[in-house]
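Undergrad: Here the protein sequences line up with chains D and S, keeping their order. Under this note's numbering, think of the first position of the first sequence as 1, with each following residue one higher. Under this note's numbering, think of the first position of the second sequence as 1001, with each following residue one higher. Glycine included, C-beta positions come from ideal geometry on N, C-alpha and C.
Protein chains: 2
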Amino acid sequence: MLNLKQDHSTLVVLSVLADGPSYGYAITKAIAAKSDGHFKLTASGMYPLLTKLEKQGLVTTSWEEVKAEGADPDASGRKRKWYTLSPKGRRQLDKHIEAHKQMQHLLDNFLAQTTTAPSATT
Amino acid sequence: MLNLKQDHSTLVVLSVLADGPSYGYAITKAIAAKSDGHFKLTASGMYPLLTKLEKQGLVTTSWEEVKAEGADPDASGRKRKWYTLSPKGRRQLDKHIEAHKQMQHLLDNFLAQTTTAPSATT
DNA sequence: TTCGGATATATCAGAACTCGATATATATGT
DNA sequence: ACATATATATCGAGTTCTGATATATCCGAA
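(1) For Gln-1113/S, go through chain D and note every residue whose CB falls closer than 8 Å to its CB, in chain order.
(2) Does the CB of Leu-1049/S have a neighbour CB from chain D at under 9 Å?
(3) Do you know offhand how far Thr-61/D's Cα is from Lys-1029/S's?
(4) Closer than 9 Å, CB to CB, is Leu-41/D near chain S or not?
(5) So what does DSSP say about Ser-1022/S, is it helix, strand or coil?
(6) If the cut-off is 8 Å on Cβ atoms, which residues from the stretch 10-28 of chain D count as contacting chain S, listed in chain order?
(7) Give the DSSP-derived three-state secondary structure of Thr-1122/S in the structure shown.
(8) Taking the beta strand (DSSP E) that Leu-85/D belongs to, which residues open and close that run?
(9) Could you spell out the range, first to last residue, of the beta strand (DSSP E) harbouring Ala-1061/S?
(10) Does Leu-107/D have its Cβ less than 9 Å from a Cβ in chain S?
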C-alpha cells in the first residue's frame, strides 16, 4: 500500500475528478478502488490538497446536505463538499500527465545508460 | 530543468555510483550530463542526501587530497570526498528501480481507466 | 598579478510537505 | 446500545525543499 506524495496525489485526484464531480471521502475510496488497493491518500493528505486545488482555481466547490431516509426535511443532516474540475483544472491535468510521461521517459533513458543490472553475461 | 525530489534523487545518485566511485560535485555534473540537462540536483540537495546514504550504509566514503600540478607536496590542497556504492547500496538500487517500475505501471493503469484525454475522436 | 569563474564541500533558515492522531458529527447495521 | 462507516477538518512533531550563504582552492585570461 503506497502512500501518495503531493505530486502523485494531485495527478490522481484530478484524474478522479475528470470522471465527474466528487467529494473528499469518495475520492479516497475511488483512489483505493481504481488502484486495486495499491494507492492510499488519507484524510490528512486529501483535505489540504483539495483546499490547495481550490485556491489554485483547478476545482470549484459546493456544499450539499445529505438527508437521511425519511428524515425531517428541516433537520440538518451530514454535509458533503463537492469538487468539480474546472477548465483550468482540466488543462492542468493534461500538463501533469505530460510531465509524468516525460519524467518516465527521462528516467528510463537515464537508467538505460548504465550497467544498472547486477552483472551476469551468464 | 526538473529539480529532483528525494526519491528520484536517491535513484539517480545510486545509479551514477553504480558506474563507479564519484564525489558530490562530479555527481551533480554527471546527473546533468546523463539527463541531457533535464535533471538538476543542487549542492543543498546533494550533500544532505549523500550523508543520509552514508548513514544508511548504502555508500562508503574516503577523502582524497587534490594536489595542484607541481605543488608543494606538504601543502594541503583541495579535498574531495569520494563515495563508493556498497553491496547493500547495490541491492537498494535494484529495489528502487523495481519500485519505480511498479509505480509507473500502477500509475499508467490508473490513468488508463479514465477519460483522461480531452475529447476528440477526430 | 589580479580577478573572475569553475571546482569542491557544507550549513542555514524559512517554507512546504508528511502523516498519525485527534476532534466533531451524522448514518447504519446488528 | 454499540460498533463501524461516512464525512470534513486541523494539529503538531518530524522531514524535506531550496535559495542563500560560507569557506577555500584551482585555473585561465586580461
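TA: Let me lay it out:
(1) Counted from its first residue, the second sequence places residue 1113/S at position 113. Going along chain D in sequence order, the residues near Gln-1113/S (Cβ under 8 Å) are Lys-34.
(2) For the purposes of this step, residue 1049/S is taken as the residue at position 49 of the second sequence. No, no contact with chain D.
(3) Position 61 of the first sequence holds residue 61/D. Position 29 of the second sequence holds residue 1029/S. If you take the alpha carbons of Thr-61/D and Lys-1029/S, they lie about 46 Å apart.
(4) Position 41 of the first sequence holds residue 41/D. With 9 Å as the cut-off, Leu-41/D does not count as an interface residue toward chain S.
(5) The residue labelled residue 1022/S in the question sits at position 22 within the second sequence. It is a strand residue.
(6) Leu-11, Val-12, Ser-15, Val-16, Ala-18 and Asp-19
(7) The sequence position of residue 1122/S within the second sequence is 122, counting from 1. With a pLDDT of 39 at Thr-1122/S, under the threshold of 50, the modelled position of this residue cannot be trusted; read the value that follows with caution. Looking at Thr-1122/S - three-state DSSP - the assignment turns out to be coil, as it is neither helix nor strand.
(8) Start at 1 with the first residue of the first sequence, and residue 85/D comes out as number 85. Unbroken beta strand (DSSP E) run through Leu-85/D: 78-85.
(9) In the second sequence, residue 1061/S corresponds to position 61, counting from 1. In the sequence on display, residue 1061/S carries Thr and not Ala. Element bounds for Thr-1061/S: 1059-1066.
(10) Numbered from 1 along the first sequence, position 107 holds the residue referred to as residue 107/D. It does; some Cβ of chain S falls within 9 Å.
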